[in-house]
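See below for the structure under consideration.
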Amino acid sequence: MAENQKIYDFTSIEKKWQEYWERENTFRAEDDSEKAKYYALDMFPYPSGAGLHIGHPEGYVASDILARYKKACGFNVLHPMGWDAFGLPAEQYAIKTGTHPSVTTRANVDNFRRQIKSIGFAIDWDREINTTDSIYYKWTQWIFLKLFQRGLAYVDEKPVWWCPNLRAVLANEEVVDGKSEVGNHPVERRNLRQVVLRITAYAEKLLEGLDDLDWPDSTKRQQKAWIGKSEGAQVQFEIAGLDEKLEVYTTRPDTLFGATYMVVAPEHPLLKKLVISEKENDVQTYVEAAAKKSDLDRTDLAKDKSGVFTGSYCINPVNGEQIPVWVADYVLISYGTGAIMAVPAHDERDHEFAEKYQIEIRRVIGPQDGEEEKSKLPYSGPGVMVNSGEYDGMEAIACKSKIISDLEEKGVGKGAINYKLRDWIFSRQRYWGEPIPLVWVSKEDYENAKNTKGIVKESLPHDPVTSDKDGETLYALPVPSSELPLKLPEVENYQPAGTGESPLATISEWLDIWFNLETGKSVSRNQVKPDGDNWVSATRETNTMPQWAGSCWYHLRYLDPQNEDQLVDPAKEAYWGSPDFYIGGAEHAVLHLLYARFWHRFLYDEGVLKNPEPYRKLFHQGLILGEDGNKMSKSVGNVVSPDVVIDAYGADSLRLFEMFLGPLEAVKPWSEKGIEGVHRFLKKVHRECLQTEKHLQGEESNKETLKVLHETILKVTEAIEDLRFNVAISQMMILINQLQKVESYSKESIKTLIQLLAPFAPHLSEELWESLGGKPSIANEPWPQARKELLVADEITIVFQVNGKLRGEGQFPKDVDKDSVISAAKADAKVQSFLEGKEIVKEIYVPGKLVNLAAKG
RNA sequence: GCCCGAGUGGCGGAAUUGGUAGACGCAGCGGACUUAAAAUCCGUUGGCCGCAAGGCCGUGGGGGUUCAAGUCCCCCCUUGGGCACCA
């Protein structure tokens with residue numbers, strides 16, 4: 006019996022306290038608390054079939070330590086968890102096995118929940134959410150309707166990545182180096198009808214909003230680069246012999262005099278008119294070849310530029326010169342105006358092209374005396390203008406705005422801003438996603454809808470959203486919010502339709518409906534048309550939403566997960582606001598984090614939310630590599646499962662070691678030996694707690710112990726605040742080493758250590774807290790306060806340096822004056838030996854720390 | 001190619017503002033306890049020279065600023081990440 010007590014039986018301890026927390030609702034977040042709130046959010050996982058691997062919990066442990074620490078500091082803490090459960094793998098599995106994705110998803114979620122619970126997080130499980138629940142995706146659809154109503158959704162034919170193996174369309178960001186991100190299959194271009202969100206309308210707001218965010222710099226930079234704002238001018242060039250103008254965008258209007266040719270993209274609408282008859286064959290061949298190239302060929306690989314002269318000439322508005330117009334695929338139709346003025350002297354790309362086709366290269370930014378670097382072309386920096394008529398001699402940068410206003414005066418140009426950001430292709434031709442709540446009707450029925458009072462009319466955008474199908478133009482009507490959720494229908498076959506459409510397109514009883522223009526209600530068309538006036542024939546939108554949709558707003562739903570009438574109760578949103586801490590992988594730097602900012606900002610503009618930004622403080626945990634230093638992967642066989650680690654060492658050791666591995670943001674390898682180290686530390690703590698004969702009543706009487714104790718309180722507190730958990734753990738190890746070393750210590754001292762340890766190793770801490778006579782739960786105990794006055798020793802050590810090298814040290818009273826320290830240093834035998842034959846030229850004293858004698862000779 | 005970040009013992013890392021480099025842990029070595037092992041504890045561990053006292057060198061490489069540099073500046077190397085014809 007006594008023997009058993011001394012063993013650190015983590016398995017039963019962890020089971021005991023996990024059950025306790027669940028039974029007592031220890032970590033329930035109160036909606037109507039007087040306390041200040043603290044909201045710690047993890048990027049929620051996609052529950053894959055493989056289960057959790059050791060990398061997943063890293064961020065969760067970090068946020069959990071913060072959550073438990075903040076609770077101890079008196080905050081009302083919310084630390085929730087949920088499932089981003091729509092997505093491709095469950096659908097792929099369904100295609101292979103016929104198992105409904107909801108079945109797979111449920112099993113995977115159950116397994117993930119079990120694994121996460123086994124690590125002992127301070128999660129309020131009453132707030133668990135799942136993006137595939139219709140009570141959740143009702144509101145995802147609701148947000149879409151709002152976007153639709155505000156004209157931020159439209160439908161367009163877009164060239165998209167089609168993956169024959171996955172039989173699915175992929176977004177740009179899901180294609181890496183010409184292969185699908187999932188499964189690494191080859192992909193090709195196809196034109197398909199897509200629902201698109203006008204995120205570009207939010208480019209400026211998304212850019213500006215970044216300034217106030219406490220985010221890693223690199224992530225902000227990535228978003229900035231992704232949005233890609235540039236300022237310049239749009240300039241119109243007359244076309245010789247044509248009554249049309251060619252408009253270009255340039256960031257360098259100051260180099261207008263150096264434009265020696267023009268380029269239009271192969272898809273440019275004016276190209277047909279520009280081509281003279283002798284060039285028609287050449288140009289047509291070129292354009293066709295360009296159309297066959299994928300974006301990859303046109304950008305990444307094709308460093309070699311190519312193009313064809315159209316035979317036409319433009320007239321340079323600043324000097325009346327005629328310059329040739331070329332077509333070349335290094336100019337993209339999707340950016341700016343799809344046409345450029347080429348200035349080979351001051352643009353690398355134009356320079357390369359001009360050299361290849363022997364087009365004139367004319368310098369307009371000149372080198373001045375001693376400016377070597379400007380004499381080599383192409384040169385794209387600042388400088389003084391030359392060969393530029395009236396502008397000669399001016400600073401090019403200053404000249405930009407002058408030229409723009411001169412162009413404006415002449416009516417041939419204007420200042421302009423462009424963004425690299427493209428609209429967001431929001432549709433997926435898949436089954437396992439949120440159905441997009443739109444139906445398609447004829448023009449006539451659309452006009453009727455506009456004239457029919459009711460919720461459908463109220464939800465319509467100002468301009469119609471249309472799409473051409475089989476030569477007919479169809480008009481989009483919303484399935485109004487009163488009809489949400491629009492649930493996924495059952496389907497027999499999960500294979501996408503061969504056309505690239507989603508499997509939903511094959512279920513005609515769902516697809517073809519009678520739609521009521523007044524109420525938005527619908528009835529399958531294989532039933533009789535209902536009585537009444539406003540029933541029209543309609544076809545449902547078959548696309549579903551991308552996986553990003555559900556994660557765009559989940560941080561809001563945790564605040565009010567069961568609300569059937571509102572996305573979130575405004576009172577709850579007002580109290581909880583946005584997360585105080587958000588942690589997740591850096592791989593989401595631009596996609597999830599930009600899309601979520603877009604939706605959140607939009608909801609703010611709509612008056613639904615009180616904060617414009619969703620994630621004020623963001624942190625990226627670093628990858629945990631396999632023990633061999635490689636990325637953990639099944640194929641390499643270096644994956645470590647938390648289940649195995651918990652079996653062998655317990656959840657507390659797992660938690661502690663994930664944090665002890667190194668800085669939270671660093672990429673670092675797993676180590677089996679390393680976890681034994683922290684496990685040993687926990688055993689040591691366990692042993693010390695049970696050695697009650699060492700525990701004394703009253704205050705700590707050993708000065709050294711008292712000092713280390715308060716140093717530890719201070720350092721652990723600071724380290725948690727700074728997310729430097731590895732340092733916090735080191736310091737607790739120093740304290741336990743001290744307690745182990747001395748013969749006895751105050752019981753309060755070890756109780757304090759247990760409190761500091763509680764956020765890191767909560768199960769063991771609860772157990773030991775109880776055994777030391779504390780009242781459960783330790784999670785409710787206030788955080789220990791360091792007494793800083795104890796950290797100042799009466800005696801201090803001051804080191805002596807000669808020429809910056811350590812040569813001795815001395816003990817001094819803490820309020821010693823400079824002169825006595827310096828004379829003591831000079832009197833030190835070793836210091837003297839290094840001063841011999843030298844002259845002291847400078848004496849430096851850093852109070853309480855060191856003396857440095859600079860000597861020469 | 002461009003833009004960021006990182007390089008510290010055998011290993012993971014510490015040194016937050018320029019002020020004793022290598023805390024803490026792992027691994028190693030020596031020892032205690034034990035019939036033995038496990039567990040635990042104690043000591044030791046950057047390199048070179050030296051019997052020792054001690055000295056010299058040392059934070060990717062080279063230069064610089066400073067009384068003092070892992071920390072600041074310049075150049076270079078290696079490595080991780082992001083972007084990549086956006087005019």
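Last residue of the first sequence: 862 in the numbering used here, with the numbers rising by one and none dropped. Note that beta-carbon positions come from the ideal geometry of N, C-alpha and C, so glycine has one too.
>> Whole angstroms are fine: how far does the CA of residue 589 sit from the CA of residue 852?
In response: Roughly 43 Å separates the two Cα atoms.
> Between 34, 593, 595 and 573, which lies nearest to residue 609 when the distance is taken from Cα to Cα?
Replying inline: The shortest C-alpha separation from residue 609 is found at 573.
>> I need the boundaries of the alpha helix (DSSP H) containing residue 327, first residue and last residue.
In response: Run containing residue 327: none in the alpha helix (DSSP H); it sits in the beta strand (DSSP E), 327–333.
>> Between residue 268 and residue 345, how many whole angstroms is the CB-CB distance? I'm expecting something under 8 Å.
In response: That pair is a contact at about 5 Å.
>> Assess contact between the segment 452–470 and the segment 407–420, defined as three or more Cβ pairs (one per stretch) separated by less than 8 Å. Is contact present?
In response: Touching, no, given that fewer than three Cβ pairs across the two stretches are closer than 8 Å.
>> Which of the three DSSP states is assigned to residue 15 in this structure?
In response: Helix, per DSSP.
> Ordered along the chain, which non-local residues of its own chain (more than five positions away) have a Cβ less than 7 Å from that of residue 603?
Replying inline: Result list for residue 603: 204, 207 and 211, in chain order.
> Given that a residue counts as buried once 16 or more other Cβ atoms are within 10 Å of its Cβ, and exposed if not, what is residue 228?
Replying inline: Answer is buried; the Cβ neighbour count reaches 16.
>> Below 8 Å, how does it come out for the segment 74–82 and the segment 40–47: are there three or more Cβ pairs, yes or no?
In response: Three or more pairs of CB atoms, one per stretch, sit closer than 8 Å, so the segment 74–82 contacts the segment 40–47.
> Taking the continuous alpha helix (DSSP H) assigned at residue 812, which residues delimit it?
Replying inline: Residue 812: not part of any alpha helix (DSSP H); member of the beta strand (DSSP E) spanning 810–818, first to last residue.
> Can you tell which of 770, 737, 585 and 449 has the C-alpha that lies nearest to the C-alpha of residue 657?
Replying inline: Ranking 770, 737, 585 and 449 by Cα distance to residue 657 puts 770 first.
> Closest by CA to residue 760, which one among 742, 172, 748 and 737?
Replying inline: Closest by alpha carbon: 737.
>> With a threshold of 6 Å on Cβ separation, who are the neighbours of residue 700 within its own chain once the five nearest residues in sequence on each side are excluded?
In response: Excluding positions up to five away in sequence, the list reads 752.
> Straight-line CA distance for residue 240 to residue 488?
Replying inline: Each residue's Cα considered, the two are about 49 Å apart.
>> Distance check for residue 432 and residue 277, CA to CA, integer angstroms please.
In response: If I take the Cα positions, the gap works out to 33 Å.
>> Can you find the residues in the same chain that come closer than 7 Å, C-beta to C-beta, to residue 152, ignoring five residues on each side of it along the sequence?
In response: Answer for residue 152: 158, 202 and 607, listed in chain order.
> Excluding the five sequence neighbours on either side, which residues of its own chain have a C-beta within less than 7 Å of the C-beta of residue 684, listed in chain order?
Replying inline: If we look at residue 684 and ignore the five residues flanking it on each side, its Cβ neighbours are 654 and 658.
>> So, at 7 Å on beta carbons, what are the nonlocal neighbours of residue 122 in its own chain, with the 5 sequence-adjacent residues on each side left out?
In response: Sequence-distant partners of residue 122 (beyond 5 residues in either direction) whose C-beta falls short of 7 Å from its own C-beta, in its chain, are 23.
> In this structure, what does DSSP give as the bridge partners for residue 544?
Replying inline: Residue 544 pairs with 445 and 517.
>> Going by C-alpha to C-alpha distance, which of 49, 146 and 129 sits closest to residue 571?
In response: Residue 571 has its Cα closest to that of 146, out of 49, 146 and 129.
> If you run the structure through DSSP and keep just helix, strand and coil, what is residue 436?
Replying inline: Annotated three-state conformation of residue 436 is coil, per DSSP.
> Quick one: any contact between the segment 772–784 and the segment 792–799, if contact means 3 or more CB pairs under 8 Å?
Replying inline: By the Cβ rule, the segment 772–784 does not count as touching the segment 792–799, because fewer than three pairs are nearer than 8 Å.
> If you draw a straight line from the alpha carbon of residue 429 to that of residue 163, how long is it in whole angstroms?
Replying inline: One C-alpha to the other measures close to 11 Å.
>> Among 546, 251, 358 and 747, whose alpha-carbon lies nearest the alpha-carbon of residue 383?
In response: It is 358 whose Cα lies nearest to the Cα of residue 383.
> By Cβ distance, which residues of its chain are closer than 8 Å to residue 156, with the 5 residues on each side in sequence left out?
Replying inline: Here the set comprises 203, 466, 467 and 468.
> Does the Cβ-Cβ distance between residue 334 and residue 274 come in under 7 Å?
Replying inline: No, the Cβ-Cβ distance between residue 334 and residue 274 is not below 7 Å.
> Where do the N-terminal and C-terminal ends of the alpha helix (DSSP H) with residue 140 fall, by residue?
Replying inline: Unbroken alpha helix (DSSP H) run through residue 140: 139–154.
>> Which residues does DSSP list as the beta-bridge partners of residue 254?
In response: Partner(s): 239.
>> Do residue 481 and residue 470 have their beta-carbon atoms positioned less than 7 Å apart in this structure?
In response: Taking 7 Å as the cut-off, the beta carbon of residue 470 is found closer than this to the beta carbon of residue 481.
>> Can you list, in chain order, the residues of its chain with a C-beta nearer than 8 Å to that of residue 680? Leave out the 5 residues immediately preceding and following it.
In response: Cβ within range, chain order: 650, 654, 658, 659 and 662.
> Using the beta-carbon count (16 or more within 10 Å), is residue 402 buried or exposed?
Replying inline: Exposed is the call here.
>> Quick check on residue 351: does DSSP put it in helix, strand or coil?
In response: Residue 351: coil per DSSP, three-state reduction.
> With DSSP run on the structure shown, which of helix, strand or coil describes residue 528?
Replying inline: The three-state reading of DSSP puts residue 528 in strand, counting E and B together.
> If you draw a straight line from the alpha carbon of residue 859 to that of residue 849, how long is it in whole angstroms?
Replying inline: In a straight line, the C-alpha of residue 859 is about 8 Å away from that of residue 849.
> What span of residues does the alpha helix (DSSP H) with residue 246 cover, start to end?
Replying inline: From DSSP, residue 246 is part of no alpha helix (DSSP H); its letter is neither H nor E.
>> Please state the DSSP three-state secondary structure of residue 886.
In response: As displayed, the chain neither begins before 6 nor continues past 862, which places residue 886 out of reach and without an answer.
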